[in-house]
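Student: Here the sequence shown stands for residues 11 to 77, numbered as in my numbering. Built from N, CA and C at the ideal position, the CB exists for glycine as well.
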Amino acid sequence: MGFNFRKSINLGGGVKLNLGKKSVGVSAGVKGARVSVNSKGRKSATLSIPGTGISYTKTSTKKRKPK
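1. Check R44 in the structure and name its three-state DSSP category.
2. How far does the beta strand (DSSP E) with T67 in it extend, from its first residue to its last?
3. What residue range is occupied by the uninterrupted beta strand (DSSP E) comprising N28?
4. How far does the beta strand (DSSP E) with S58 in it extend, from its first residue to its last?
5. From this set, S65, R16, V34, which residue's C-alpha is nearest G51's C-alpha?
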């Protein structure tokens with residue numbers, strides 16, 4: 011079993027600062043739609059139907075250069 015750490019700080023105006031064990035990120039949006047990016051280059055967009063628990067997330071990662 012591993013331990014995780016995650017903390018979200020609301021900065022106002024629909025913007026959140028997300029702190030994790032391995033990265034820091036920022037997300038912005040309104041109820042039902044949000045986009046985010048973190049310090050490792052991961053970008054995601056989430057669409058949801060509020061109050062239902064139904065959501066869809068599309069994630070893209072930073073492509074690594076071949077060695």
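Tutor: To lay it out plainly:
1. Strand, per DSSP.
2. Segment 64–70, the beta strand (DSSP E) holding T67.
3. N28 -> beta strand (DSSP E) spans 25–30.
4. Per DSSP, S58 belongs to the beta strand (DSSP E) from 53–59.
5. Checked all of S65, R16, V34; the closest Cα to G51 is V34.
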